[in-house]
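Right, one structure below, let's go through it.
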Amino acid sequence: MSLLKKLNLCGTVQGPAKFGVSKGDEPGHLGVWGIWSEPSVEVFRVVVKAHSQDRAMTVPTASYTFAPSKEQSFIQSIETSQEFKQFLVGSDRAQTGQVTLEFWLDNNRTETLNYTLPEVIKYLRGKGSKAPSHAKTSKEYLVQDTLVVASLAHSELKAYSEKVKAEIAEKLRKAEEERKRIEEEKKAALAKAQAEAAAKAAKPAAQVAAGGVPVDRSKPTLSPAKTAIFFGSSTGNTANVAEMLKKELGSVDYLKNITDIHPADLTVVENIIIGIPTWHIGELQDDWAAMLPEVKALSFTGKKVALFGLGDGKGYADTYVDGMAELLEPFEKGGAKLCGQWPTDSYEFKKSKAIRDGKFLGLVIDVENQDNLTDKRVKSWVSLIQKEMGI
Ligand SMILES: Cc1cc2nc3c(=O)[nH]c(=O)nc-3n(C[C@H](O)[C@H](O)[C@H](O)COP(=O)(O)O)c2cc1C
8 MSLLKKLNLC GTVQGPAKFG VSKGDEPGHL GVWGIWSEPS VEVFRVVVKA HSQDRAMTVP
68 TASYTFAPSK EQSFIQSIET SQEFKQFLVG SDRAQTGQVT LEFWLDNNRT ETLNYTLPEV
128 IKYLRGKGSK APSHAKTSKE YLVQDTLVVA SLAHSELKAY SEKVKAEIAE KLRKAEEERK
188 RIEEEKKAAL AKAQAEAAAK AAKPAAQVAA GGVPVDRSKP TLSPAKTAIF FGSSTGNTAN
248 VAEMLKKELG SVDYLKNITD IHPADLTVVE NIIIGIPTWH IGELQDDWAA MLPEVKALSF
308 TGKKVALFGL GDGKGYADTY VDGMAELLEP FEKGGAKLCG QWPTDSYEFK KSKAIRDGKF
368 LGLVIDVENQ DNLTDKRVKS WVSLIQKEMG I
């Protein structure tokens, strides 16, 4: 058998491993590949050498190291060196020369493949077989630091490969960590945006107590009783009148600013006395405005409601105590019976929505213009509602 016939022309099976050459990515390149099934085969370095037939002349064309990929395979297109190209110029060598590929493996083992020069030249010209499709290049795992590798002995290559693999793994771990961090950040931003949107869509007066526990405003804080005065007051005038009423009425179970109660507290008494100043030109006082949507959901069946309102008949003559009407509506719709309607005589204003059947919906107090009448009005109204409400 001639020497040529003994040569492997398309790779060889070496136990659990297969190595070979193939056409490169471009003319002048040689493809080198390896596939193995056991981790111990690990290829650390590939040395490509060209020889004249009598081996009198040898030219190293390339020296590569591989920190093997996860797939236990590699493929690399390598460019032939200048020396190798010059070597090919001699026509006799081009016919009779040989190329050796040394695959430096784990445990100081080396597998060698021999090719005829014409066969390798065919590959360099982009002809010949391709590498097996399952020979894969994992860019992260392939190292081509030729200079460093060339300086290392075979026995040192494993440690070098381990070091490189550890560096690569660390790089991948950091990249994965960063990816997760960005993902978490995105998730947190999304959750925050969703929570803000949900909070906006929630009931206007929904509250959260200190400590983050949600307050259930549908539950009363007060126990059932007979008579209560509930008021809203932005600058204190209505609060003062509420105090006067309590004093005059005597038997009042609760006197509460509505900022201190739950909407459901409005339903715990039989006689509900509510006070409101009109603000913002014909509008509800702010605290009542905030609570009103919840008041609309309550039932006042069997309850009596009496109303007092403050306003400025000269400053806001066309919207005089208008807020009283808007506030009363949900109480009456909820089933409460109105008590304490009040004559409009002696008041100075032009227009008011708080008038029904020629009478105010309840007691009207005007501290800006008629404060001298406040005491008298309070006293008279108290005796009226005492009768109507049975206080
Ligand atoms: C900006 C502003 C707007 C007001 N709008 C009205 C109104 O439209 N109709 C009305 O009768 N009184 C109006 N008032 C008068 C208040 O109702 C009055 O001052 C009342 O006594 C305030 O009560 P409080 O101190 O309990 O909030 C307004 C007062 C201010 C300062």
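Everything in the sequence shown is counted per this note's numbering, starting at 8 for the first residue and increasing by one. Ideal placement from N, C-alpha and C gives every residue a C-beta, glycine not left out. Please read these numbers as outputs of a predicted model, since none were measured by experiment.
When the Cα atoms are used, G104 and E185 turn out to be separated by approximately 52 angstroms.
With a threshold of 16 other beta carbon atoms within 10 Å, A57 meets it and is buried. Contact between S162 and N121 is ruled out by a C-beta separation of about 25 angstroms, above the 8 angstroms threshold. I372 carries a strand assignment under DSSP once its states are collapsed to helix, strand and coil. For P284, the enclosing beta strand (DSSP E) starts and ends at V276 to P284.
With a threshold of 7 angstroms, the Cβ atom of T242 counts as near ligand 1, since some heavy atom of the ligand is closer than that. In this structure, G369 and G316 form a Cβ contact; the two beta carbons are roughly 6 angstroms apart against a cut-off of 8 angstroms. Using a cutoff of 7 angstroms, the CB of Y327 counts as near ligand 1, since one of the ligand's heavy atoms is closer than that.
The shortest C-alpha to C-alpha distance from V171 to any of L345, V155 and I189 is the one to V155.
If you draw a straight line from the Cα of I82 to the Cα of K194, it is about 40 angstroms long. Counting only the Cα atoms, F238 lies some 14 angstroms from V259. The nearest non-hydrogen atom of ligand 1 is less than 7 angstroms from the C-beta of L317. K366 has its alpha-carbon roughly 6 angstroms from the corresponding atom of Q348. Beta-bridge partners assigned by DSSP to V171: none are found. Excluding five sequence positions before and after T65, the CB atoms of its chain that fall closer than 6 angstroms to its own CB belong to K56 and H58, given in chain order. For S306, DSSP records no beta bridge to any residue. Shortest gap from the CB of A202 to any heavy atom of ligand 1: 7 angstroms or more. Its chain contains G318, G320, F356 and S359 as the residues whose beta carbon lies nearer than 6 angstroms to that of Y327, once the 5 sequence neighbours on both sides are disregarded; these appear in chain order.
Short note on Y323: C-beta closer than 7 angstroms to some heavy atom of ligand 1.
The continuous stretches of alpha helix (DSSP H) do not include I268, and DSSP gives it neither H nor E. Using a C-beta cut-off of 8 angstroms, the region 228-245 makes contact with the region 276-292, since at least three inter-stretch Cβ pairs fall below that distance. Relative to ligand 1, H269 has its C-beta separated by 7 angstroms or more from all heavy atoms. Under the 8 angstroms Cβ criterion, the region 324-338 does not count as touching the region 262-272, having fewer than three qualifying pairs. Within the same chain, H269 and A271 come within 7 angstroms of K226 by CB-CB distance, once the 5 residues on both sides are set aside. Rounded to the nearest angstrom, the Cβ distance from V374 to L252 is 14 angstroms, too far for a contact under 8 angstroms. T87 counts as buried, since at least 16 other C-beta atoms from the protein chains shown sit within 10 angstroms of its C-beta. In the DSSP assignment, G104 falls outside any beta strand (DSSP E), carrying neither H nor E. Short note on E333: C-beta not closer than 7 angstroms to any heavy atom of ligand 1. For the pair T266 and G243, the Cα-to-Cα distance works out to about 13 angstroms. For Y354, the three-state secondary structure derived from DSSP is coil. For G41, the beta-bridge partners assigned by DSSP are F26 and F81. Boundaries of the alpha helix (DSSP H) around Y130: L124 to L131.
S80 counts as buried, since no fewer than 16 other beta carbons sit within 10 angstroms of its beta carbon. Beta-bridge pairing by DSSP links Y261 to A235. When rounded, the separation of the alpha-carbon atoms in T381 and K199 is 52 angstroms.
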